[in-house]
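Protein chains: 2
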Amino acid sequence: MNEAGVCMKKILNDAHQFVDESLDGILLAHSDVLHRVEGDPRAIVRQDAPVQGKVAIATGGGYGHLPTFLGYVGQGLVDGACVGNVFSSPSADAMLAVTRAIDGGSGVLYLYGNYFGDSMNFDLAAEMAADEGIQVETVRVADDVASASLAERQKRRGVAGIFYGYKIAGACADTGASLAEVKETTELALNNVRTMGMGFSPCTIPASGKPTFDIAEDEIEIGIGIHGEPGIARQKTGTAKELVAQLLTPLVEELELSAEDEVSVLVNGMGSTPLEELYIAYREVHQWLFDKKIHVDRPFVGAYATSLEMAGFSLSIFKLNDSFKKYLHAPARTPFVKL
Amino acid sequence: MNEAGVCMKKILNDAHQFVDESLDGILLAHSDVLHRVEGDPRAIVRQDAPVQGKVAIATGGGYGHLPTFLGYVGQGLVDGACVGNVFSSPSADAMLAVTRAIDGGSGVLYLYGNYFGDSMNFDLAAEMAADEGIQVETVRVADDVASASLAERQKRRGVAGIFYGYKIAGACADTGASLAEVKETTELALNNVRTMGMGFSPCTIPASGKPTFDIAEDEIEIGIGIHGEPGIARQKTGTAKELVAQLLTPLVEELELSAEDEVSVLVNGMGSTPLEELYIAYREVHQWLFDKKIHVDRPFVGAYATSLEMAGFSLSIFKLNDSFKKYLHAPARTPFVKL
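Protein chains in written order, with our numbering: chain A, 1 to 339; chain B, 340 to 678.
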């Protein structure tokens, strides 16, 4: 890394071809499962799309968050995804291309993170789809408690908790539920999901060659977004136990968790934080919840929503009930995620 | 990262508890599949071990390479693993504990990377196991072409190609093959596996606080080992196409690949190299092999053998035949890897 915090030792031919060449690689490696919509290289759908009679789930967003978004295209999760440039919204045209390719006659649920550019383009795609007779409903994920107060929850960013949205929506759609039912179930589930993260060091966007943020050698940023958006505090780093308690406290408070509640936990690595460290975090999460008699039904530990090579992690809590548990345990399989 | 290249912003309570606390987290998260052998916190086996009548596969090595080694414990891969400190050999006692716990009466295959400390301790464990009437055979993985010449192949290090060893040994053992057959099949397969990697930036071992190597801002190291062992050349970084060609050429030459051969490819990230970049590498691999009419049957792209947060990647090629393909495609499932 040079003085500006920039490391450009990347596997890269041309920074401006970063997204398309990476997508080429994904399509070449996983052509048995994934399919590029003809005429739109940024629109990727299940090989077997459209699945007749099933509500289809569509997602998308900026590139650089693998396995989010594209990596969740497959059985039991989402039917198609479109991607933009790194950390930039995809086009309405790409989303429309995905929508046409996955609609199996029962309508399409748009499920994506709550960002201005994404909302604008996906709303436009929804209008165009409606003009073609395709029914579209929308659920925006806004799980990041650090990005706005509870009173302004509709302003919150969508981060790693989108994983739970995909899981519930995909499993619900697989039961043959209607578009209205899939939307309602997914909204109910996401009302019970909260996330907060912290950043240790930035990533570098290939086309700009600039780090997403600057941070002192001994500082971390609490509540950082997955594009390096500012969080709520800068502080000296602490022990794993302290860091985990700091992230968990607001999540558990807002979800009003109490003894005998059951939750799923997602310990998400943001890119370059080793799995070995994420499991130390999980140890602390488990112990902290155990002490409060809160039970963990199904933990997930790994890279689920990244920010290229950013270092840091987030914790997501999903407060479960029997219906959510059934959907959470349903099988799902993509080239990136197998549950 | 400070001037010495050290970043200690880690999820960590106590550097000297790094391994044991991380293992605690793994065991807490995956108690449905993984089990700690009583009396030895560094010995982890399948929950359903021993599997009666099946040859058991044991592995192990230093910590810090997840999912290698422990992450391959599960169905269709290995039955048990022991880990040492970061990048340090596990003890013979831990390997013996694993051996006892997984032997289902048909013997145990030791399958691990070719390093002096590991060999010494695993050989000692094999002797102790033999004294207890447990039959043990050994296969050492030595796939890293940069670490010694072909004439001195027995001196080579074991790196990411160990994944193919696990896959073949595990699938062969699941057919009910004898210990001699599993050993022979695994050796034959590994004779057809070659790997070479390159490093971009080092990792920091928590207990030492020192980077594993120093490297200039604009340089990469060709042929680096997964503990930061020196490679064969330092050079300015190049395009993805150039880097991939540089790694592939010696692998393809040594395996004597020619038109119509079929291979599996593993593009392995060493820690902090983003998946997005690994897929750019895969694109180049695919194109390079395609131009030579060499077919890719089953590619794997992701983090399979890491070095904490080291940046860099390796390519492994496995020259296939029908028998290897059958084993490669057999299902396998651990908390870390699902095929």
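Beta carbons are placed, not taken as given, at the ideal position from N, Cα and C, and that holds for glycine.
Can the beta-carbon of isoleucine 44 of chain A be found less than 7 angstroms from the beta-carbon of alanine 173 of chain A?
-> The residue labelled residue 44 of chain A in the question sits at position 44 within the first sequence. The residue labelled residue 173 of chain A in the question sits at position 173 within the first sequence. No.
Which residue from A:Glu309, A:Pro299, A:Leu109 and A:Arg100 puts its Cα closest to that of valine 182 of chain A?
-> Numbered from 1 along the first sequence, position 182 holds the residue referred to as residue 182 of chain A. Nearest option by C-alpha distance: A:Leu109.
Kindly confirm or deny that the region 299 to 312 of chain A and the region 263 to 273 of chain A touch, where touching means at least three C-beta pairs closer than 8 angstroms.
-> yes
Return helix, strand or coil for leucine 339 of chain A, following the three-state DSSP convention.
-> What you label residue 339 of chain A is simply residue 339 of the first sequence in a count that begins at 1. Correct three-state label for leucine 339 of chain A: coil.
Jot down the residue ranges of each uninterrupted beta strand (DSSP E) in the region 415 to 473 of chain B, minimum 3 residues, whole runs only, in chain order.
-> 419 to 425 and 447 to 452
My understanding is that histidine 497 of chain B touches alanine 481 of chain B, with C-beta atoms under 8 angstroms, so please give their C-beta distance in whole angstroms.
-> Residue 497 of chain B sits at position 158 when you count from the first residue of the second sequence. Residue 481 of chain B sits at position 142 when you count from the first residue of the second sequence. One point to set straight first is that residue 497 of chain B is glycine, not histidine, in the sequence displayed. So it is a contact: roughly 6 angstroms between Cβ atoms.
Same chain, Cβ closer than 8 angstroms to methionine 273 of chain A, five either side skipped, listed in chain order = On the first sequence, position 273 is the one that residue 273 of chain A refers to. For the sequence presented, residue 273 of chain A should be read as threonine rather than methionine. Taken in chain order, the residues that qualify are Phe200, Ala311, Gly312 and Phe313.
Applying a beta-carbon distance threshold of less than 7 angstroms, which residues of chain B neighbour valine 301 of chain A?
-> Within the first sequence, numbered from 1, the residue matching residue 301 of chain A stands at position 301. Simply Ala368.
State the start and end residues of the unbroken beta strand (DSSP E) segment that holds phenylalanine 200 of chain A.
-> Against the first sequence, residue 200 of chain A aligns to sequence position 200. Residues 193 to 201.
For isoleucine 441 of chain B and methionine 340 of chain B, the rounded distance between their alpha carbons | The residue you call residue 340 of chain B lines up with position 1 of the second sequence. The residue you call residue 441 of chain B lines up with position 102 of the second sequence. At methionine 340 of chain B, the pLDDT of 42 sits below 50, so the modelled position is not reliable; the number obtained from the coordinates is stated separately. Approximately 43 angstroms, taken between the alpha carbons.
Using the Cα positions of glutamine 75 of chain A and alanine 94 of chain A, report the straight-line distance between them to the nearest angstrom.
-> Counting from 1 along the first sequence, the entry for residue 75 of chain A is found at position 75. Counting from 1 along the first sequence, the entry for residue 94 of chain A is found at position 94. About 21 angstroms.
If we call anything under 7 angstroms between Cβ atoms a contact, is arginine 234 of chain A one with glutamate 217 of chain A?
-> Locating residue 234 of chain A in the first sequence gives position 234, counting from the first residue. Locating residue 217 of chain A in the first sequence gives position 217, counting from the first residue. No, Cβ-Cβ distance for arginine 234 of chain A and glutamate 217 of chain A is not below 7 angstroms.
Would a check of beta-carbon distances place histidine 329 of chain A closer than 7 angstroms to chain B?
-> As a first step, residue 329 of chain A must be located in the first sequence, where it is residue number 329. False, the Cβ-Cβ gap to chain B never drops below 7 angstroms.
Please list, in chain order, all residues of the same chain as leucine 596 of chain B whose beta carbon is under 6 angstroms from its beta carbon, the five residues on each side excluded.
-> Against the second sequence, residue 596 of chain B aligns to sequence position 257. If we look at leucine 596 of chain B and ignore the five residues flanking it on each side, its Cβ neighbours are Ile633.
Expressed to the nearest angstrom, what Euclidean distance is found between the alpha-carbon atoms of glycine 5 of chain A and alanine 259 of chain A?
-> Start at 1 with the first residue of the first sequence, and residue 5 of chain A comes out as number 5. Start at 1 with the first residue of the first sequence, and residue 259 of chain A comes out as number 259. Bear in mind that the predicted position of glycine 5 of chain A carries a pLDDT of just 43, short of 50, making it too unreliable to give a figure here.
For valine 296 of chain A, which of helix, strand or coil comes out of DSSP?
-> Counted from its first residue, the first sequence places residue 296 of chain A at position 296. Strand at valine 296 of chain A.
When DSSP labels each residue in this structure, what does arginine 153 of chain A get in the three-state scheme?
-> The residue you call residue 153 of chain A lines up with position 153 of the first sequence. Helix at arginine 153 of chain A.
So what does DSSP say about glycine 5 of chain A, is it helix, strand or coil?
-> Position 5 of the first sequence holds residue 5 of chain A. Residue placement at glycine 5 of chain A cannot be trusted, given a pLDDT of 43 that sits under 50; what the coordinates show is reported in the next sentence. DSSP places glycine 5 of chain A in coil when its eight states are reduced to three.
With DSSP as the reference, label glutamate 476 of chain B as helix, strand or coil.
-> In the second sequence, residue 476 of chain B corresponds to position 137, counting from 1. In the structure shown, glutamate 476 of chain B sits in a strand (DSSP, three-state: E or B).
Specify, as a first and last residue, the run of the beta strand (DSSP E) that glycine 61 of chain A falls within.
-> By 1-based counting over the first sequence, the position of residue 61 of chain A is 61. 56 to 63 is the extent of the beta strand (DSSP E) around glycine 61 of chain A.
So which of B:Leu373, B:Ala671, B:Asn453 and B:Gly403 has the shortest CA-CA distance to aspartate 387 of chain B?
-> Counted from its first residue, the second sequence places residue 387 of chain B at position 48. That would be B:Leu373, whose Cα lies nearest to the Cα of aspartate 387 of chain B.
Give a yes or no on whether the minimum CB-CB distance between glutamate 309 of chain A and chain B is below 7 angstroms.
-> Residue mapping note: residue 309 of chain A aligns to position 309 of the first sequence, counting from 1. Chain B, which has a Cβ nearer than 7 angstroms to the Cβ of glutamate 309 of chain A, makes this yes.
First through last residue of the alpha helix (DSSP H) which encompasses valine 624 of chain B | By one-based count along the second sequence, residue 624 of chain B stands at place 285. Unbroken alpha helix (DSSP H) run through valine 624 of chain B: 614 to 630.
Shorter than 7 angstroms from the beta carbon of serine 488 of chain B to some beta carbon of chain A?
-> The residue labelled residue 488 of chain B in the question sits at position 149 within the second sequence. With 7 angstroms as the cut-off, serine 488 of chain B does not count as an interface residue toward chain A.
Under the three-state reduction of DSSP, which class applies to glutamine 52 of chain A: helix, strand or coil?
-> By one-based count along the first sequence, residue 52 of chain A stands at place 52. Of the three classes helix, strand and coil, the one that applies to glutamine 52 of chain A here is coil, per DSSP.
Consider the Cβ of arginine 622 of chain B: report whether some Cβ of chain A lies at a distance smaller than 7 angstroms.
-> Taking the second sequence and counting its residues from 1, the one referred to as residue 622 of chain B is at position 283. For arginine 622 of chain B, the answer is yes, since a Cβ of chain A falls inside 7 angstroms of its Cβ.
Going by DSSP, name the residue or residues bridged to glutamate 601 of chain B.
-> Your numbering for residue 601 of chain B matches position 262 in the second sequence. Answer is B:His634, bridged to glutamate 601 of chain B.
Meets three-Cβ-pair contact criterion under 8 angstroms: the region 187 to 200 of chain A and the region 277 to 294 of chain A = no
Tell me where the alpha helix (DSSP H) around phenylalanine 357 of chain B begins and ends.
-> By 1-based counting over the second sequence, the position of residue 357 of chain B is 18. Note, phenylalanine 357 of chain B: alpha helix (DSSP H), 357 to 368.
Closest residue to aspartate 79 of chain A among A:Gly25, A:Val193, A:Thr99 and A:Leu66 (Cα-Cα distance) = Here the question's residue 79 of chain A lines up with position 79 in the first sequence. Cα-wise, what sits closest to aspartate 79 of chain A is A:Thr99.
Name the chain B residues that come within less than 7 angstroms of glutamate 21 of chain A, Cβ to Cβ?
-> Taking the first sequence and counting its residues from 1, the one referred to as residue 21 of chain A is at position 21. What glutamate 21 of chain A touches in chain B: Ile619 and Arg622.
Cβ-based neighbour list, serine 323 of chain A, same chain, cut-off 7 angstroms, excluding 5 preceding and 5 following | One-based indexing of the first sequence puts residue 323 of chain A at position 323. There are no such residues.
Can you grab the Cα-Cα spacing for the pair glutamine 493 of chain B / phenylalanine 455 of chain B, in whole Å?
-> On the second sequence, residue 493 of chain B is found 154 positions in, with the first residue counted as 1. On the second sequence, residue 455 of chain B is found 116 positions in, with the first residue counted as 1. Distance between the alpha carbons of glutamine 493 of chain B and phenylalanine 455 of chain B: 12 angstroms.
Closest by C-alpha distance to phenylalanine 657 of chain B, when choosing among B:Thr551, B:Gly567 and B:Asp483 = Translated into positions along the second sequence, residue 657 of chain B becomes position 318. Here the closest residue by C-alpha is B:Asp483.
Glycine 313 of chain A, DSSP secondary structure in three states = Within the first sequence, numbered from 1, the residue matching residue 313 of chain A stands at position 313. The sequence given here has phenylalanine at residue 313 of chain A, not glycine. It is a strand residue.
Between the CA atoms of leucine 248 of chain A and arginine 385 of chain B - distance to the nearest angstrom = Counting from one through the second sequence, the residue named residue 385 of chain B turns up at place 46. Counting from one through the first sequence, the residue named residue 248 of chain A turns up at place 248. Rounded to the nearest angstrom, the two C-alpha atoms are 31 angstroms apart.
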